[in-house]
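Following: one structure in structure tokens, then a few remarks.
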Amino acid sequence: MKAKDQDELVFLPLGGSNEIGMNFNLYGYGPPHARKWIVVDLGVTFGDQTTPGVEIILPDPEFIREHAKDILGIVLTHAHEDHIGAVAWLWPQLRAPLYATPFTAFLLREKLRENEDCADAQITEVPLGGKVTLGPFEIDLITLTHSIPEPNGLAIRTPLGTILHTGDWKIDPDPVLGSTTDEAAIVKLGDEGVLAMVCDSTNVFVDGEAGSEADVRDALAELISG
């Protein structure tokens, strides 16, 4: 088999790498001339003092727009704006099926109502801990904890190996809403073998443990009660 015909597994971040927000990740499989893609998250970031007059910043979809016919699906890890906020703006250029757990799917439907160009967007609800198969990609959703319901990591299985794409996460023993992190699924995945982990955790370089959402709830209750 010639090198140009050999299958490859590639990762291409178009946003959200080494920055906060605007998550837009591509995974591709196949030879360069016949590669199929999945998109993981499609988010915005927000303007600051360096971008006066700008409220929302979108990632640049030019590369994948040219390969839109080869996108098998857009998989959303959770419902924060930096992970789903660009869907209503950019979906008309990509026009691929959308996959999300029920809470994220509900919020996404409400957002897409605001753009008539998204009227025919297909959203498939995936149960917590469920599976999505898109061509050569078999994707297992792993329940995590974060500051919003139903955050998910993705175990992306391919013939060339498994990628763990974490999405946003922390190990919260008391997440207030939803289940705790499915640590057993993560351990099982590690035992099976992982080719690479694409990890997103904002304060990963800060010593100590992240506070629980329950701590925030208790502090707010104390402030409100006086």
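Okay, so the sequence shown: first residue is 639 according to my numbering, each after it adds one.
Cβ coordinates follow ideal geometry from the N, Cα and C atoms, glycine included.
Source: prediction; values computed, not measured.
Buried versus exposed call for residue i [16 or more other C-beta atoms within 10 Å across all chains shown]
| i | result |
| --- | --- |
| K640 | With a pLDDT of only 47 at K640, under 50, the local geometry of the prediction cannot be trusted, and no value is derived from it. |
| C756 | buried |
| V844 | exposed |
| S668 | With the sequence shown as reference, residue 668 is identified as Gly, and Ser is not the correct amino acid for it. Buried: at least 16 other Cβ atoms inside 10 Å. |
| I702 | buried |
| R855 | exposed |
| G864 | exposed |
| I801 | buried |
| T689 | exposed |
Residue i: CB within 8 Å of a non-hydrogen atom of the ligand GDP
| i | result |
| --- | --- |
| S817 | This structure does not include the ligand GDP; it has no bound ligands of any sort. |
Short Cβ contact (9 Å threshold) for residue i with residue j
| i | j | result |
| --- | --- | --- |
| A724 | T742 | no |
| L792 | H803 | yes |
| L766 | S817 | yes |
| V648 | G666 | yes |
| D708 | R673 | yes |
| P613 | L815 | Past the boundaries of the shown model lies residue 613; the chain is included only from 639 to 864, so the question cannot be answered. |
| V678 | T715 | yes |
| E646 | L798 | yes |
| A706 | Q731 | yes |
| R795 | E776 | yes |
Whole-Å CB distance - residue i paired with residue j, under 8 Å assumed
| i | j | result |
| --- | --- | --- |
| G654 | I676 | Actually they are not in contact, since the Cβ atoms of G654 and I676 sit about 15 Å apart, beyond 8 Å. |
| G681 | N661 | 4 Å |
| D810 | E851 | 6 Å |
| T739 | N790 | 6 Å |
| L696 | W727 | 6 Å |
| A759 | L772 | Going by Cβ atoms, the distance from A759 to L772 rounds to 16 Å, so no, they are not a contact pair. |
| T683 | D720 | 6 Å |
Practice prompt. Mind the definition here: the stretch 831 to 844 touches the stretch 769 to 788 only if three or more C-beta pairs lie below 8 Å; say whether that holds.
Written response: The stretch 831 to 844 vs the stretch 769 to 788: no contact.
Worksheet item: What are the uninterrupted segments assigned as beta strand (DSSP E) that are 3 or more residues long and contained completely in the stretch 816 to 863, given in chain order?
Response: Whole beta strand (DSSP E) segments, 3+ residues: 834 to 838.
Discussion item. Please give the ranges of any alpha helix (DSSP H) in the stretch 717 to 743, keeping only runs that are unbroken, at least 4 residues long and fully inside the region.
Written reply: Taken in chain order, the unbroken stretches of alpha helix (DSSP H) that lie wholly in the stretch 717 to 743 and span 4 residues or more are 719 to 722, 725 to 732.
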